[in-house]
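J.:
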Amino acid sequence: MSEKVYIFDTTLRDGEQVPGCKLNTKEKLALAVRLEELGVDILEAGFPVSSPGDFDSVHQIAKTLKNTVVCGLTRAVQKDIEVAAQALKPAARFRIHTGIGTSDLHIKYKFNSTREAIIERAVQAVKMARNFTDDVEFYAEDAGRTDNAYLAQVIEAVVKAGATTLNIPDTTGYCLPHQYQEKMAFLWNNVPNIDKAILSCHCHNDLGMATANSIAGVLGGARQIECTINGLGERAGNTALEEVVMILNQHKDLGFYTNINPKLLNPISREVSDIMRMAVQPNKAIVGSNAFSHSSGIHQDGFLKEAQTYEIMNPAEVGAEDTKIVLTARSGRSALAHRLHKLGFEYNRNDIDALYALFVEVADKKKEVVESDLQAMAKAYNSTMVSQ
Ligand code: KIV
Ligand code: ZN
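Here you go:
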């Protein structure tokens, strides 16, 4: 029996913090509806105390969504928690996400405080939030660089105070996958009341390891992943939703599933990219424009014989356009014949050999040989055949 991993989407909060990605209420609401259709379990709609606009966005989303848990971020500050509760009140189901920095760096430089005093503030914040809802998530900011024994004390105290989800953020994207996995496993094995809550991964991508760390976190005992569409988020971004979902989907042997409909991954990626005016890099896994295109002759030949030789998933599974056989100077005869065939030209082996010589000349001069080039080549070749 496989186990569920909850998907907590923070595109509208951590993702929206990206410079240039700010959304108005109408835009946020439109995306929230799409994210609910996608199947996210929890949607972090914003940070209500941060601005009247964000309060309104969270409030409208709370009024609209039907199945997804709507979540609002707060600091461990009474006013934040009260304002979040007010914004979230109309929701069918809501969660307050509160927390505080727990690494010695945060305790010293951000709070000029002590480990003991931080535990006290964390406990107070969770108790305050519990006055408004039974669904309280606590984040230990910079948990990635927090001493594990101290982190376990914090977590034990906040679970006792009523936290039901425990976010262990690698805020600076510093951890290696095995370290993040060990951190989760340490908490799982050393916090006596850990069975009363769910551990959650929240990984940043500063060293390009957010996705790997989130999966490692699940292997260590977490059952929730916090992530964003296209991996948007502070600095180098967050864990990309589409990547963790498809990893768990492809590696069924790991024994996990999510509630996400993979067919909606490409459409929502494009929608987020358009609305946030943030292009997706072409080589981005799952949703990049090159994720399902083949350009080298060796790969094209294999793919055309049997798709599985070079594709681990079918583009339709993730709502992407059909595989593209791109023609460049590295392409081979099979790809050329395939593309000509798609244009309605049927040639035998000798024809293709002759056309290939023409093709390579053109390809060497251009980045990509496109349909109009093929039409021109075929026309030129056909006219030589007629005149012979
Ligand atoms: O990266 C982080 O630590 C966060 C918290 C506010 C959850 O985004
Ligand atoms: Zn974050």
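The numbering of the sequence shown is the working numbering, which starts it at 32 and goes up by one.
For every residue, glycine included, the Cβ atom is placed at its ideal position computed from N, Cα and C.
Bear in mind the structure is a predicted one, so any value in this text is a computation, not a measurement.
(1) Any heavy atom of the ligand ZN closer than 7 Å to the beta-carbon of G264?
(2) Got a sec: does the ligand KIV put a non-hydrogen atom nearer than 7 Å to the Cβ of Y170?
(3) Nearest to A360 by CA position, among E352, E399 and F323, is which residue?
(4) Just to confirm my understanding: we take K59, look at its own chain, exclude 5 residues before and 5 after, and list those with CB closer than 8 Å. What are they?
(5) Terminal residues of the continuous alpha helix (DSSP H) containing L263?
(6) What residues in its chain sit with their C-beta under 7 Å from that of Q281, if we drop five residues either side in the sequence?
(7) Residues in its own chain within less than 6 Å of H128 by CB, not counting five upstream and five downstream?
(8) According to DSSP, what are the bridge partners of L197?
(9) Identify the continuous beta strand (DSSP E) that holds G132 and give its terminal residues.
(10) Please state the DSSP three-state secondary structure of I356.
(11) Would you tell me roughly how many angstroms separate the C-alpha atoms of S33 and P208, rounded to the nearest one?
(12) Using 8 Å as the Cβ pair cut-off and three pairs as the minimum, do the segment 183-197 and the segment 232-245 touch?
(13) Given that a residue counts as buried once 16 or more other Cβ atoms are within 10 Å of its Cβ, and exposed if not, what is P313?
(14) Per DSSP, H330 is paired with what?
(15) Rounded to the nearest angstrom, what separates T242 and L66 at their Cα positions?
(16) Check whether the Cβ of D178 sits closer than 7 Å to any heavy atom of the ligand ZN, and report yes or no.
(17) Under a Cβ-count criterion, where at least 16 other Cβ atoms within 10 Å of its own Cβ denotes burial, should P200 be classed as buried or exposed?
(18) Evaluate P83 with the Cβ neighbour count: other Cβ atoms within 10 Å of its Cβ, from every protein chain shown; 16 or more gives buried, anything less gives exposed.
(19) How many angstroms separate the CA atom of A188 from the CA atom of V154?
(20) How many Å lie between D72 and E302 at the Cα?
(21) Does L136 pass the burial test, meaning 16 or more other C-beta atoms within 10 Å, or should it be called exposed?
(22) Quick check on the DSSP output: what are the complete alpha helix (DSSP H) runs of length 4 or more inside the segment 334-418, in order along the chain?
(23) Going by C-alpha to C-alpha distance, which of N221, L197, N143 and Q210 sits closest to A180?
(24) Within a Cβ cutoff of 7 Å, which residues of the same chain sit near Q184, ignoring the five residues on either side of it in sequence?
(25) The ligand KIV heavy atoms versus the CB of N297: any closer than 7 Å?
(26) Quick check on this structure: which residue in E257, R266, D284 and E265 has the alpha carbon closest to the alpha carbon of E273?
(27) DSSP puts N269 in a beta bridge; with which residues?
(28) How many whole angstroms separate the CB atoms of G363 and D382, which I take to be in contact at a CB cut-off of 8 Å?
(29) For a test of your reading of the model: does the CB of D165 fall under 7 Å from any non-hydrogen atom of the ligand KIV? Yes or no.
T.: Looking at the atomic coordinates:
(1) yes
(2) yes
(3) E399
(4) L43, E47, A76, G77, S88, Q91 and I92
(5) Per DSSP, L263 belongs to no alpha helix (DSSP H) and is neither H nor E.
(6) I343 and M344
(7) C102, L104 and E168
(8) F169 and L230
(9) F125 to G132
(10) strand
(11) 22 Å
(12) no
(13) exposed
(14) According to DSSP, which records beta bridges pairwise, H330 is partnered with nothing at all.
(15) 19 Å
(16) no
(17) buried
(18) exposed
(19) 6 Å
(20) 20 Å
(21) exposed
(22) 364-373, 380-396 and 402-418
(23) N221
(24) I150
(25) no
(26) E257
(27) H235
(28) Not quite, the Cβ-Cβ distance comes to about 15 Å (not below 8 Å), so this is no contact.
(29) no
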